[in-house]
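Quick note, my numbering runs 156 ahead of the 1-based positions in the sequence shown.
Read the structure below first, then the notes.
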Amino acid sequence: MVLSDRVLMGPGPSNLYPEVISAFTRPLLGHLDPEFLEVLDETCDRLRTVFGTENSLTLPLSGTGSAGMEAAFVNTVGPGDVVVVGVNGLFGERMCDVAQRLGADVVRVDAPWGEPLDPGAVVGAHRAPTVIALVHAETSTGVRNDVEEVARGKGDALLLVDAVTSLGGIVFDADRWGVDLAYSGTQKCLGVPPGLSPFTVSDRARARLKDRPPSWYFDLGLIARYVEGEGGRTYHHTAPVSMVFALHAGLGVLLEEGLENAWARHGACGHALQTGLEKLGFELVAPAQYRLPQLTTVWVPDDLGGNSEADVRAALLGRYGIEIGAGVGVMAGRAWRIGCMGHTARMRNVELLLGALGEVLGR
Ligand code: PLP
């Protein structure tokens, strides 16, 4: 057996909390076993705390972050509905694709990749949209979008937010801000493997969910009967029991540390990483005020001593066991994405990466 000692500093997955690894050794239980249902209920409670919500419909959806995106749109949007989407990176683009496939009338509000969205432009893009959607932490660019400000101007529209890279790493406050639907992923700042999508729906959004959405698997009305169990739980699909154990454990670690402390830890590591990169001569992509601590983007320097940018990433991985991410979309080959998420967000990993990068580049 090969034990990997990689330091995962890409755009996700992050390293796993040791408690999460132990959770996978828990003996399997049936997905309707009362003992499992207790763990599931507690997981949903923990998710409410992490999302900053009292929404009764808050659960881990079976599937990765993209499942959350699909579920959010498929339950709220149909042919002819107007959906305003803020687009300043790959995942905003993906939202447009998902909404278009459902026949929605998509109104895009673009900002250049690497820049934040203009909240005024997003809320002013249409008189009465059904949904306004945006990505909180754009993993493709390292930029934070101002969800709170968009929420303030949402009017009667439902606000749909991608919190895949933000949840657990930076402040997310669904109820106070007025977020109606939000989804995340387990593999980023929650320090759990990919496989579940934490998901929450406000009562306001719940009252407007489509009756028979075109997806059976992601029909929230059906799923709610299993997770909420009022009048007895109804089987919907077999819950991925071990993944729920893992998420339960990861959220336990996070809440024991305290959300504020976890945000501060991500903030401190991100700041040290970004300062260190600038000292090494790197130019950061995102403007300071909108820079994510958990995902830093830097422009690839022109002079790599005859190496390609892929050679540098391969050297970091091969010689030091550190993974960093390549640029995507318009930044492919031009930027690197360095993650500092979940259990990876430790000062020792920041120092390790800065030292290794300095050595590889001879700086
Ligand atoms: N949204 C954002 C912001 C992401 O970063 C990702 C994945 O990196 C996704 C959605 C899709 O999540 P997944 O790859 O878990 O399906």
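Cβ atoms here follow ideal geometry from the backbone N, Cα and C, with glycine treated the same way.
Predicted model only: the values in this text are computed from it and were never measured.
Legend entry - Residue environment, threonine 214, which counts as buried when at least 16 other CB atoms sit within 10 Å: Looking at its Cβ environment, which holds 16 or more other Cβ atoms inside 10 Å, threonine 214 is buried.
Legend entry - For methionine 497, the three-state DSSP class (helix, strand or coil): The answer is coil: DSSP assigns methionine 497 none of H, G, I, E or B.
Inset, instruction - Could you give the DSSP three-state label for threonine 453: helix, strand or coil? - result: If DSSP states are grouped into helix, strand and coil, threonine 453 belongs with the strands.
Inset, instruction - Kindly indicate which three-state DSSP category leucine 448 falls into: helix, strand or coil? - result: Secondary structure of leucine 448 (DSSP, three-state): coil.
Inset, instruction - Within 10 angstroms of the Cβ of glycine 414, are there 16 or more other Cβ atoms? Answer buried if so, exposed if not. - result: Its Cβ having fewer than 16 others within 10 Å, glycine 414 is exposed.
Inset, instruction - Could you pull out every residue in the same chain whose Cβ sits closer than 8 Å to the Cβ of aspartate 261, ignoring the five residues on either side in sequence? - result: Closer than 8 Å at the Cβ level, and outside the excluded window around aspartate 261, lie Gly236, Asp237, Val238 and Val239.
Legend entry - At least three beta-carbon pairs within less than 8 Å, the stretch 195-211 to the stretch 280-293: When Cβ pairs closer than 8 Å are counted between the two stretches, the stretch 195-211 is seen not to touch the stretch 280-293, the count staying below three.
Legend entry - Residues bridged to glycine 481 (per DSSP): In the DSSP secondary-structure assignment, glycine 481 is bridged to Arg493.
Inset, instruction - Throw me the rounded Cβ distance for the threonine 342 and leucine 403 pair, which I believe falls under 8 Å. - result: That pair is a contact at about 6 Å.
Inset, instruction - Check whether the Cβ of serine 222 lies closer than 7 Å to any heavy atom of ligand 1, and answer yes or no. - result: The answer is yes for serine 222.
Inset, instruction - Pull up the distance between the alpha-carbon of proline 183 and that of phenylalanine 401, whole angstroms please. - result: Their Cα atoms are separated by approximately 10 Å.
Legend entry - Assigned exposure category for methionine 399 - 16 Cβ within 10 Å defines buried: It is buried - the Cβ of methionine 399 has at least 16 other Cβ atoms within 10 Å.
Legend entry - DSSP-derived helix/strand/coil call for proline 216: Three-state result, proline 216: strand.
Inset, instruction - Can you say whether alanine 380 is buried or exposed, counting buried as having 16 or more other CB atoms within 10 angstroms of its CB? - result: By the 10 Å Cβ count, alanine 380 comes out buried.
Inset, instruction - Just the C-alpha distance for isoleucine 478 and threonine 452, rounded to the nearest angstrom, thanks. - result: For isoleucine 478 and threonine 452, the distance between alpha carbons rounds to 15 Å.
Inset, instruction - Can you have a look at histidine 393 and say buried or exposed, based on whether 16 or more other CB atoms are within 10 angstroms of its CB? - result: Classification for histidine 393: exposed.
Legend entry - Within 8 Å, strictly: CB atoms of alanine 405 and glutamate 175: Yes, the Cβ-Cβ distance between alanine 405 and glutamate 175 is below 8 Å.
Inset, instruction - Could you tell me the distance, in whole angstroms, from the CA atom of proline 216 to the CA atom of valine 279? - result: Approximately 29 Å between the Cα atoms of the pair.
Inset, instruction - With 8 Å as the threshold, decide whether the Cβ of glycine 514 is near any Cβ in chain D. - result: Of the protein chains in the structure, only one exists, and it is not chain D.
Inset, instruction - Keeping to the same chain, check which residues put their C-beta closer than 7 Å to that of proline 369; ignore five residues upstream and five downstream. - result: Excluding the 5 residues flanking it on each side, proline 369 has same chain C-beta neighbours closer than 7 Å at Val230, Asn231 and Asp375, in chain order.
Inset, instruction - Say yes only if the C-beta of proline 167 is nearer than 7 Å to one or more non-hydrogen atoms of ligand 1, and no if none qualify. - result: At a threshold of 7 Å, proline 167 counts as near ligand 1, since its beta carbon sits closer than that to one of the ligand's heavy atoms.
Legend entry - Rounded straight-line distance, which links the Cα of alanine 338 to that of aspartate 266: Cα to Cα, aspartate 266 sits roughly 21 Å from alanine 338.
Inset, instruction - Determine the extent of the beta strand (DSSP E) in which methionine 165 is found, giving its start and end residues. - result: Methionine 165 -> beta strand (DSSP E) spans 163-165.
Inset, instruction - Rank Gly221, Leu185 and Val327 by C-alpha distance to the C-alpha of glycine 423 and give the top, closest one. - result: For glycine 423, the nearest C-alpha among the options comes from Val327.
Inset, instruction - Please indicate yes or no: does the CB of alanine 466 lie closer than 7 Å to some heavy atom of ligand 1? - result: Not under cutoff, so the answer is no.
Inset, instruction - State the CB to CB distance for the pair tryptophan 269 and valine 486, rounded to an integer number of angstroms; the pair is presumed to be in contact (CB under 8 Å). - result: Tryptophan 269 to valine 486, Cβ: 5 Å. Contact.
Inset, instruction - Check tyrosine 339 in the structure and name its three-state DSSP category. - result: In the structure shown, tyrosine 339 sits in a strand (DSSP, three-state: E or B).
Inset, instruction - Compute the minimum distance between the beta carbon of proline 350 and the heavy atoms of ligand 1, and state whether it is under 7 Å. - result: Relative to the non-hydrogen atoms of ligand 1, the Cβ of proline 350 comes within a distance shorter than 7 Å of at least one.
Inset, instruction - Would you kindly work out how many angstroms separate the C-alpha atoms of glycine 408 and tyrosine 476, rounded to a whole number? - result: Cα to Cα, the separation comes out at about 31 Å.
Inset, instruction - Report, in whole angstroms, the separation of the C-beta atoms of valine 484 and leucine 246, which I expect to be a contact under 8 Å. - result: Yes, valine 484 and leucine 246 are in contact; Cβ-Cβ is about 6 Å, under 8 Å.
Inset, instruction - Write down the C-beta distance between methionine 165 and threonine 431 rounded to the nearest angstrom, noting that I regard them as a contact closer than 8 Å. - result: Taking the Cβ atoms as the reference, methionine 165 lies roughly 16 Å from threonine 431, outside the contact range of under 8 Å.
Legend entry - Opening and closing residue of the alpha helix (DSSP H) in which arginine 332 lies: Looking at the DSSP string, the run of the alpha helix (DSSP H) that includes arginine 332 is 330-333.
Inset, instruction - Identify whether serine 374 lies in helix, strand or coil by the three-state DSSP scheme. - result: Reading off the sequence, residue 374 comes out as phenylalanine, not serine. Three-state result, phenylalanine 374: coil.
Legend entry - Neighbourhood of alanine 428 by C-beta, 7 Å cutoff - its chain only, sequence neighbours within 5 removed: Cβ within range, chain order: Met503 and Val506.
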